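Asks: Position one of the sequence shown corresponds to residue 1 (full-length UniProt numbering), numbered consecutively onward.
Okay, handing you the structure first.
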Amino acid sequence: MPKTKEQKRDILHNIKSKVDQAKSVVFAKFDKLTVKENEDLRQKLDAEKSEYYVAKKTLLSLVFKDKNIAGLDIRNMEGRVAAIFGYNDEVAPAKIVGQFKKTHADKLDFVGGILENRYLTPDQVEALSKLPGKQELYAKLVGSLNAPVSGFVNALAGNLRNLVYVLKAIEEKKA
């Protein structure tokens, strides 16, 4: 049954609010995914504060037409297209879909994306999916900042340890 104009208006408003909240959007072709696989992907995305949303390409293109993003043409993307909104981490949607794609290679594919109001080609989204996540980068940064301090503490502890060994040897020699 076709949707009424009121229903379509509500869908447009809903999509616009999602686009405004999202830090990044990934478009994926999902024609061959089963319902179970779709649900698995949705759950993985929900865990990372991302959302998998399917709507007609015409409705999606109407929403993104107002954003004036050069190169974005949703209507000409192949197959059925899902928009995956990343609300917390810009890279999370691409990473999750990229990992999911490894086990479902012939069923799911990137068809584009948006990051910082710029259109990303499928190859760029693929490259983005291989980057480490925010938490991994934070951990590496903290490790890099902590390394000199740890080395200094170990050097000081080594000198004290050697002093204790020397004193112990002197004590044993006198005894």
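For each residue, glycine too, the CB sits at the ideal point set by N, CA and C.
Just so it is clear, the structure is predicted and the values come from calculations on it, not from any experiment.
May I ask you to verify whether the region 89-100 touches the region 119-133, counting CB pairs closer than 8 angstroms and requiring at least 3?
Replies: With a cut-off of 8 angstroms, the region 119-133 and the region 89-100 count as touching, because enough Cβ pairs lie within range.
Asks: Taking the straight line between their C-alpha atoms, what separation do you get for glycine 113 and methionine 77?
Replies: The straight-line gap from Cα to Cα measures roughly 11 angstroms.
Asks: Tell me the DSSP secondary structure of tyrosine 119 in three-state form.
Replies: Correct three-state label for tyrosine 119: strand.
Asks: Using the DSSP secondary-structure output, state which residues sit across from phenylalanine 100 in a beta bridge.
Replies: Paired residues: none, contrary to the question.
Asks: If you reduce the DSSP assignment to three classes, tell me which class glutamate 39 lands in.
Replies: Three-state result, glutamate 39: helix.
Asks: Count the other CB atoms within 10 Å of the CB of glycine 86; is the residue buried (16 or more) or exposed (fewer)?
Replies: Buried is the call here.
Asks: For lysine 29, name the three-state secondary structure that DSSP assigns.
Replies: Looking at lysine 29 - three-state DSSP - the assignment turns out to be strand.
Asks: Give the C-beta separation of phenylalanine 27 and valine 81 to the nearest angstrom, bearing in mind that I take them to be a contact with Cβ-Cβ under 8 angstroms.
Replies: The Cβ separation is near 5 angstroms, so the contact holds.
Asks: Please state the DSSP three-state secondary structure of aspartate 89.
Replies: DSSP places aspartate 89 in coil when its eight states are reduced to three.
Asks: How about serine 24 and leucine 115: do their beta carbons lie closer than 7 angstroms?
Replies: Result yes, Cβ atoms of serine 24 and leucine 115 sit closer than 7 angstroms.
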